[in-house]
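In what follows, a structure is listed as structure tokens, so that the remarks can point back to it.
Residue numbers (our numbering): 3 to 427.
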């Protein structure tokens with residue numbers, strides 16, 4: 003029952019965030035143009051990668067701690083996270099003109115606003131990890147909903163409506179993690195005082211695990227940003243705006259699902275080995291039916307959905323969304339597999355798989371590169387399938403899953419995605 007309850011509350015927080023994000027996209031695309039969204043996405047390429055480096059796998063390390071290691075892990079992750087984020091912000095500030103020129107960003111002020119968020123996003127990671135350790139999923143849901151609603155949604159929509167343009171989104175993006183950190187600090191303050199008392203800093207002990215998690219997360223973030231970087235360099239800000247909206251529609255829901263699974267599964271698989279295989283099978287089956295539903299819905303009503311949400315000017319993204327939908331099932335599979343591999347001490351294998359993912363993505367991008375961004379979407383889906391199969395194979399090996407139904411589901415999903423590739427590429 004604890005697992006179901008944790009999944010419920012974690013899902014509530016994620017669902018509210020996704021609803022608010024979709025509403026903000028629908029509203030803001032009426033007031034801003036694709037170039038504005040492309041500008042924002044271009045800057046986030048840098049800030050996202052640096053944030054992952056500063057976080058240092060704190061959620062995973064702290065969330066999977068035990069009574070003997072929680073003090074060392076928490077205080078070490080907290081100090082390293084704040085130190086690294088401070089250094090990185092300084093470096094990004096010093097080289098602001100060189101970086102903005104490389105990214106084709108003409109507005110340095112927006113860049114400065116967004117890099118200031120790094121320290122708050124990195125700080126929220128070790129606080130979030132502590133809440134996972136204590137199983138505070140209900141409280142997490144409330145914090146995520148409140149910070150996203152007040153910090154991002156209300157702020158960005160209000161400021162854009164008042165004429166601040168893209169600055170409204172930048173300011174909302176900056177305020178959201180600040181509110182999140184404040185709320186986490188208020189909730190966890192008594193626990194933090196107990197942990198900090200008589201705790202020791204042992205960076206090398208933490209680094210033994212963190213090095214694999216950091217590398218895998220950096221590679222994952224590189225994967226999530228390299229397509230944006232290539233679209234920006236070769237196709238321009240307008241196509242980047244189209245591409246990022248498509249990406250948000252199809253990939254962000256999977257990432258939100260991953261956030262639900264990651265936190266709860268880290269906690270569950272670190273403390274129990276009972277019923278794991280059955281839980282994994284159910285997760286794969288549910289992922290399959292969800293992905294099939296989304297793909298069929300988009301094939302039948304894709305143009306209508308895009309027109310309804312964004313307006314007729316955004317119709318070019320329909321085909322992009324459909325091709326990216328081919329990556330839904332493999333994304334859901336590896337979102338299930340990643341916390342299982344981390345909880346079972348297979349961080350090294352996960353790192354190898356993620357690096358393979360990154361290399362294959364670059365290979366597919368430059369192999370299928372054409373004069374439109376559809377080739378990028380195809381490359382994303384193919385490399386995602388490769389990574390998913392690697393993770394799936396390792397999980398099957400660890401938990402000795404023997405179920406013909408699961409293998410048939412994977413094959414059917416691959417065939418359906420192949421049909422999409424043939425039709426739209």
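Ideal Cβ positions, reconstructed from N, Cα and C, are used throughout, including at glycine.
For residue i, which option in the options has the closest C-alpha, if you only look at C-alpha atoms?
i	options	result
residue 382	322, 78, 410	322
residue 68	368, 136, 371	136
residue 373	417, 418, 237	237
residue 340	370, 392, 313, 375	392
residue 48	58, 370, 118, 138	118
residue 241	13, 14, 37	37
residue 305	298, 280, 317	317
residue 437	20, 31, 62, 53	The shown model of the chain, from 3 to 427, leaves out residue 437, and the question about it has no answer.
residue 230	50, 344, 415	50
residue 324	409, 299, 54, 404	299
residue 285	412, 94, 315	412
residue 130	171, 185, 406, 92	185
residue 120	142, 46, 66, 106	46
residue 245	39, 13, 417	39
residue 328	380, 345, 352, 57	380
residue 354	390, 376, 320, 384	390
residue 34	53, 96, 166, 24	166
residue 336	189, 289, 365, 280	289
residue 408	57, 116, 279, 187	279
residue 248	424, 58, 371, 320	320
residue 1	138, 30, 52, 176	Residue 1 lies beyond the stretch modelled for the chain, which goes from 3 to 427, so this question has no answer here.
residue 66	345, 105, 287	345
residue 58	124, 309, 72	124
residue 71	394, 250, 198	198
residue 160	308, 30, 56, 384	30
May I ask which residues mark the beginning and end of the alpha helix (DSSP H) holding residue i?
i	result
residue 410	406 to 426
residue 75	72 to 96
residue 42	36 to 57
residue 328	Residue 328 -> no alpha helix (DSSP H), and no H or E assigned at all.
residue 396	376 to 401
residue 65	60 to 65
Quick one: residues in its chain with C-beta nearer than 6 Å to the C-beta of residue i, no 5 flanking neighbours on either side, listed in chain order?
i	result
residue 169	none
residue 387	332
residue 17	none
residue 102	110, 113
residue 428	The requested residue 428 is not part of the displayed model; the chain covers only 3 to 427.
residue 28	311
residue 422	328
For residue i, collect the residues of the same chain with a Cβ closer than 7 Å to its Cβ; drop the 5 residues on either side in sequence, then sort them by chain order.
i	result
residue 193	132, 136
residue 232	367, 378
residue 330	252, 256, 293, 296
residue 122	179, 180, 183
residue 128	60, 64, 76, 79, 80, 83
residue 93	none
residue 15	142, 143, 146, 147
residue 225	359, 360, 363
Once DSSP output is grouped into helix, strand and coil, what is the label at residue i?
i	result
residue 371	coil
residue 166	coil
residue 152	helix
residue 138	coil
residue 108	coil
residue 192	helix
residue 235	helix
residue 33	coil
residue 103	helix
residue 297	helix
residue 317	coil
residue 68	coil
residue 346	coil
residue 14	helix
residue 353	helix
residue 158	helix
residue 277	Residue placement at residue 277 is flagged as unreliable, the pLDDT there being 48, under the threshold of 50; the coordinate-derived value follows with that caveat. DSSP places residue 277 in coil when its eight states are reduced to three.
residue 337	helix
residue 175	helix
Does the distance from the CB of residue i to the CB of residue j come in under 8 Å?
i	j	result
residue 44	residue 239	yes
residue 114	residue 98	yes
residue 26	residue 155	yes
residue 2	residue 338	Absent from the model: residue 2. The displayed extent of the chain is 3 to 427, so no value can be given.
residue 334	residue 397	no
residue 313	residue 32	yes
residue 359	residue 221	yes
What I want to know is whether the C-beta of residue i ends up closer than 7 Å to one or more non-hydrogen atoms of the ligand ZN.
i	result
residue 386	For the structure depicted, the ligand ZN is absent and the ligand set is empty, with no information on it obtainable.
Strictly under 8 Å for the Cβ-Cβ distance: is residue i near chain D by that measure?
i	result
residue 145	Absence of chain D from the displayed structure is noted, only one protein chain being present.
Identify, in the order they occur along the chain, each residue of the same chain with its Cβ nearer than 8 Å to the Cβ of residue i, setting aside the five sequence neighbours on each side.
i	result
residue 277	In this predicted model, residue 277 has a pLDDT of only 48, less than 50, meaning its place in the structure is not dependable enough to derive any value.
residue 376	321, 322, 325, 426, 427
residue 414	290
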